[in-house]
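According to the numbering used here, the sequence shown holds residues 3 to 66 in order.
Where a beta carbon is used, it is the ideal one built from N, C-alpha and C, also for glycine.
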Amino acid sequence: MKTRNVWFALIILLGVHGSARSDFIATATLTGGAEDTNSPGTGYGTVTYNAAAQTLTVTLTFSG
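Okay, here's the thing in structure tokens:
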């Protein structure tokens, strides 16, 4: 029974896999205090890779 359930789950996952989005999103919080220079600057960054459109988007916001 367990083997049959495993195969059933595998077949379902393979069917769903094709419709899943394959975007990669990375975020970063930038703090100047973490650097050796003890900078007062701060920031936030996001990198998004869209595999379907083959695009890479980089967004950065910083101050200081």
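For N40, the first and last residue of its enclosing beta strand (DSSP E):
Note, N40: premise wrong, no beta strand (DSSP E); not H, not E.
I need the straight-line Cα distance from A28 to Q56, nearest angstrom please.
16 Å
Residues in the same chain with beta-carbon distance under 6 Å from T59, minus the five sequence neighbours each way, listed in chain order, please.
T50
Contact belief for G47 with G66 at Cβ below 8 Å, rounded distance in angstroms:
In fact, because the Cβ distance is near 15 Å, the residues do not count as touching under 8 Å.
Does DSSP put G35 in a helix, in a strand, or in coil?
helix
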